[in-house]
Amino acid sequence: MMETNSIQKELLLTSYLFEYPSKEWWGDVKECAAEAHTVERPQSREVLEEFFDYVEESDPKEYEDAYVRAFDFSQNTNLYLTTHNRTDFGKQSEEMLAYKQLFLDAGYDLDHELPDYLPAILELAAAVPEERAAHILGAVRPKLELLRDRLIEAKLPYAFLLDVVLTGAAHLEGRTAS
Numbered sequence: 731m732m733e734t735n736s737i738q739k740e741l742l743l744t745s746y747l748f749e750y751p752s753k754e755w756w757g758d759v760k761e762c763a764a765e766a767h768t769v770e771r772p773q774s775r776e777v778l779e780e781f782f783d784y785v786e787e788s789d790p791k792e793y794e795d796a797y798v799r800a801f802d803f804s805q806n807t808n809l810y811l812t813t814h815n816r817t818d819f820g821k822q823s824e825e826m827l828a829y830k831q832l833f834l835d836a837g838y839d840l841d842h843e844l845p846d847y848l849p850a851i852l853e854l855a856a857a858v859p860e861e862r863a864a865h866i867l868g869a870v871r872p873k874l875e876l877l878r879d880r881l882i883e884a885k886l887p888y889a890f891l892l893d894v895v896l897t898g899a900a901h902l903e904g905r906t907a908s
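Numbering (the working numbering), first residue to last: 731 to 908.
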């Protein structure tokens, strides 16, 4: 893992945990779990450590099945943030362009993923300076809060990961506010 500040590390680890649990993903679990122990902020460290413990104690097939049920088969809790209020496709297109612009403004472009995909947004926020990260996370905060609420309603442990992201976003906003 690259050298990062604590909030960047939290965002990268959270992004990782929201990614599909492929064979390669499982191959990186132990290394990422070890990184979780080095997170500076105690509450974030505890959430990440507990989530990695949950992953490591899970049967890979059962974990993958639960992941697919949570994110791929549920319109309410999928990881594409513009689909959560899918009533107006014109509005969804505008939102998608706004997400794309967040990447372009930061000097990144996505070749293989849609710009509203949560792990991609978290990786972007981790890759840019704190002020830009605060802007990106602030722009997506309402969608993150909505997803968090829906994960809580569905009793899914991923809600705790969004607590880490939202707390980190608030911390960044406090540090970069003039």
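Beta carbons are placed, not taken as given, at the ideal position from N, Cα and C, and that holds for glycine. What you are looking at is a predicted structure, and each value in this text was computed from that prediction instead of being measured.
Distance between beta carbons of residue j and residue i, contact taken as under 8 Å
i      : j      : result
Leu867 : Ala899 : 4 Å
Arg871 : Leu892 : At roughly 10 Å, the Cβ-Cβ gap does not stay under 8 Å, so Arg871 and Leu892 are not in contact.
Continuous alpha helix (DSSP H) stretch holding residue i: start and end
i      : result
Pro887 : Taken as a continuous stretch (DSSP letters only), Pro887 belongs to no alpha helix (DSSP H), as it is neither H nor E.
Val777 : Pro772 to Glu787
Val759 : Lys753 to Ala766
Leu852 : Leu848 to Ala857
Arg880 : Glu860 to Glu883
Three-way DSSP call (helix, strand, coil) for residue i in this model
i      : result
Tyr838 : coil
Tyr810 : strand
Val769 : coil
Glu792 : helix
Val894 : helix
Tyr829 : helix
Leu844 : coil
Gln805 : coil
Asn735 : coil
Tyr750 : coil
Buried versus exposed call for residue i [16 or more other C-beta atoms within 10 Å across all chains shown]
i      : result
Lys760 : exposed
Ser774 : buried
Thr744 : buried
Gly904 : exposed
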